[in-house]
Each structure stands twice: as structure tokens, then as C-alpha cells.
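*Asks:*
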Amino acid sequence: MNVYPAKQFFCLIALLMIDLSVSTSALADIDVFPEGDTEDVYEFDDYMLDEELKYPDWFKDAFGDLKESHNAALEAGKIGIIVYFGQKRCSYCEKFLKVNLQAPDVMNYIQKHFDVVPVDIWGIDDIVTMEGATFSEREYSVAEGTNFTPSLLFYDRDGHRALRLRGYYPPYKFRAALKYVVENFHQKESLRDYLSRADPAMVFDPDGLNEQDFFIAPPFNLDRSR
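Okay, so the sequence shown: first residue is 362 according to this note's numbering, each after it adds one.
#1: Between the alpha carbons of T507 and F457, how many angstroms are there, rounded?
#2: Can the beta-carbon of K439 be found closer than 8 Å to that of H474?
#3: On the DSSP bridge assignment, give the partners of T495 in chain order.
#4: Could you name the residues of the same chain whose beta carbon sits closer than 8 Å to that of I443, not counting the 5 residues immediately before and after it, in chain order?
#5: DSSP three-state label for Y516, please.
#6: My assumption, with CB atoms under 8 Å, is that F509 sits in contact with G528. Please give the rounded CB distance.
#7: In this structure, does DSSP put R522 in helix, strand or coil?
#8: Just to confirm, is the Cβ distance from D481 to G447 under 8 Å?
#9: Could you pull out every residue in the same chain whose Cβ sits closer than 7 Å to the Cβ of A504, ignoring the five residues on either side in sequence?
#10: In three-state DSSP terms, what is V542?
#11: Among the residues of its own chain, which have a CB less than 7 Å from the CB of W483, if the five just before and after it don't count?
#12: For F535, write down the residues that DSSP places opposite it in a beta bridge.
#13: Would you kindly work out how many angstroms separate the C-alpha atoms of R450 and L552, rounded to a whole number?
#14: Considering just the uninterrupted stretch of the beta strand (DSSP E) at P479, what are its terminal residues?
#15: Would you mind stating whether G441 and R518 have Cβ atoms separated by less than 8 Å?
#16: Shortest alpha-carbon distance to L462 belongs to which of S430, V543, K549, Y530?
#17: Tell me whether R553 sits in a helix, a strand or coil according to DSSP, three-state version.
#18: Run through the DSSP bridge pairs and tell me what Y445 is partnered with.
#19: At which residues does the alpha helix (DSSP H) containing N432 begin and terminate?
#20: Once you ignore the five residues that flank V543 on each side, which residues in its own chain have a CB closer than 7 Å to its CB?
#21: Among L556, R525, E550, G520, whose alpha-carbon lies nearest the alpha-carbon of Y533?
#22: Excluding the 5 residues flanking D486 on each side, which residues of the same chain have their C-beta closer than 6 Å to its C-beta?
Set out below in C-alpha cells:
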């Protein structure tokens, strides 16, 4: 039996552990995306990267204080911050950074509305939370239950936590979560209710299709001669 290192284990189960916490709703820690929506979990090679990941240039420094980061975002005309929890050699983090965040519509939408502050879940640097507590990056990740990567915490204009996401999912679903926070639906309803009610124009993955129940799974029989 193969034994995976702890870091690879965290990265492997990230896709299966999508956990969302809404600050104004009693419905916490629920899956809001359809059952079985693991997308390419069985196709994606969850290897540990040989080279360390680099954050996008537009990610912000944490200043060691998330309140300062939040204030800077508001001064820049943003509505809040997203705290990104990742690992330097996590393959799902790489996919999130190089696929999701390089989709032009997603990248532009985030940059317009949020500053993104990175946290290394194995880091030892101190960070002051929005609540004023001081932790190492590692302690903060564990305390927030975001030590599965990639994970995200969204803080709105008032400094309230609007949403917590754990795990990797495709760009169009990530964009739906962004819109949920930007348009203040987190103050009115759970993300599950929002998605079940809404029928937005989904953004397709590059070279892919939006999955729908009526799509037939392969293998395909295209022979119409009989």
C-alpha cells in the first residue's frame, strides 16, 4: 500500500472537501455544488510539483495584518479581500492559479472587486487576523479549517466573512461564488439557495463544455447506419 506524505494527502482530498460557510446563514459547512461534481478528480494527476509555485504579480502582500490589507483594498475601491490558502508544491493549487485565475473574465472580475492576500499553510510568519488575533500562517490555516488547499476566505466591505471555500472547482463555478459575494447575496441567502435559484450565463472552461444532465457520457455510439 502506498503511503502519501501529509502535504500530498491534503492536496489529494482538496477537491473532495468543498466546504462553504456563510456568515449570515445558519446553513454552514454544506456542499452547494451538485453531487458527483468532482469533475476531473480521477483524471487529474495529483502529483507534488518539482518546482515551487509563484503567486500572480497582482496578489497583495499581507502586511502581516489582514485588517491593513482590508483597509488598503477599500481605499483602492475594492469591496473586500480574499485570503488564499495554498501550498508551494500543490498540484491543485497550480491548477487554480494557472487555469482559474488566468481565465480573463475571472481574473478581471477578481481584480476589479477584491485584493487577494496569500497565506502559505506551512508558513511560520505571523499574521494578524481580521478579529485581531495573532497566529503563524500554519496556525491560522488550521484554526480556520483551511489547511486543505486551495482554500479561500472572502471578507466583504464591512470586514465580515462572507464565504469560505475549500477545494478546487472549475472557473465558471468559482465565478458564480464571486458574484454571490460581490452582489451581496451572502447577506440574504445561502450559496446553495442562490445557485439553485439562479440560472446565470455560465462561463465555459477553456476547450470544454458546461456539463448538463442531458449530456451523454462516453463512449459515444455515432453509428447511424443501423
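Even glycine gets a Cβ: it sits at the ideal position worked out from N, Cα and C.
*Replies:* On the basis of the supplied data:
#1: Sequence index remark: in the sequence shown, residue 507 carries index 146 (1-based). Sequence index remark: in the sequence shown, residue 457 carries index 96 (1-based). Each residue's alpha carbon lies about 15 Å from the other.
#2: For the purposes of this step, residue 439 is identified with residue 78 of the sequence shown, where counting begins at 1. For the purposes of this step, residue 474 is identified with residue 113 of the sequence shown, where counting begins at 1. Yes, Cβ-Cβ distance for K439 and H474 is below 8 Å.
#3: For the purposes of this step, residue 495 is taken as the residue at position 134 of the sequence shown. Residue pairing of T495 in beta bridges, as defined by DSSP: V489.
#4: On the sequence shown, residue 443 is found 82 positions in, with the first residue counted as 1. These residues qualify, in order along the chain: I471, F475, D476, V477, V478, L513, L514, F515, Y516.
#5: The count along the sequence shown starts at 1 and reaches residue 516 at position 155. Y516 falls in the strand class under three-state DSSP.
#6: Numbered from 1 along the sequence shown, position 148 holds the residue referred to as residue 509. Numbered from 1 along the sequence shown, position 167 holds the residue referred to as residue 528. Distance from F509 to G528 at the Cβ level is roughly 7 Å; contact confirmed, criterion being Cβ atoms closer than 8 Å.
#7: Here residue 522 refers to the residue found at position 161 of the sequence shown. DSSP places R522 in strand when its eight states are reduced to three.
#8: Mapped onto the sequence shown, residue 481 falls at position 120. Mapped onto the sequence shown, residue 447 falls at position 86. Cβ distance < 8 Å, so D481 and G447 count as in contact.
#9: Within the sequence shown, the letter at position 143 stands for residue 504. Closer than 7 Å at the Cβ level, and outside the excluded window around A504, lie F496.
#10: To locate residue 542, count along the sequence shown from 1; it is residue 181. In the three-state reduction of the DSSP assignment, V542 falls in the helix class, which pools H, G and I.
#11: Here residue 483 is taken as the residue at index 122 of the sequence shown, counted from 1. Only residues of its own chain outside the window of five on either side were considered, and among them Q448, R499 have a CB closer than 7 Å to the CB of W483, listed in chain order.
#12: Within the sequence shown, numbered from 1, the residue matching residue 535 stands at position 174. Note: F535 sits in no beta bridge, so no partner.
#13: In the sequence shown, the residue the question calls residue 450 occupies position 89. In the sequence shown, the residue the question calls residue 552 occupies position 191. If you draw a straight line from the Cα of R450 to the Cα of L552, it comes to about 30 Å.
#14: Walking along the sequence shown from the start, residue 479 turns up at place 118. First-last of the beta strand (DSSP E) with P479: 475–481.
#15: As a first step, residue 441 is located in the sequence shown; it is residue number 80 there, counting from the start. As a first step, residue 518 is located in the sequence shown; it is residue number 157 there, counting from the start. The criterion of a C-beta distance shorter than 8 Å is satisfied by G441 and R518.
#16: The residue labelled residue 462 in the question sits at position 101 within the sequence shown. When each option's Cα is compared against that of L462, the closest is Y530.
#17: To locate residue 553, count along the sequence shown from 1; it is residue 192. In the structure shown, R553 sits in a helix (DSSP, three-state: H, G or I).
#18: Working through the sequence shown from its first residue, we reach residue 445 at position 84. According to DSSP, Y445 shares a beta bridge with P479, L513.
#19: Position 71 of the sequence shown holds residue 432. DSSP places N432 in the uninterrupted alpha helix (DSSP H) bounded by 427–436.
#20: Here the question's residue 543 lines up with position 182 in the sequence shown. Apart from the 5 residues on each side of it in sequence, V543 sits with its Cβ closer than 7 Å to the Cβ of I440, H474 in its chain, given in chain order.
#21: Residue numbering aside, residue 533 sits at position 172 when the sequence shown is read from its first letter. Nearest Cα to Y533 within the set L556, R525, E550, G520: L556.
#22: The residue given as residue 486 occupies position 125 in the sequence shown. Within the same chain, Cβ atoms closer than 6 Å to the Cβ of D486 are found at E498, the five residues on either side in sequence being excluded.
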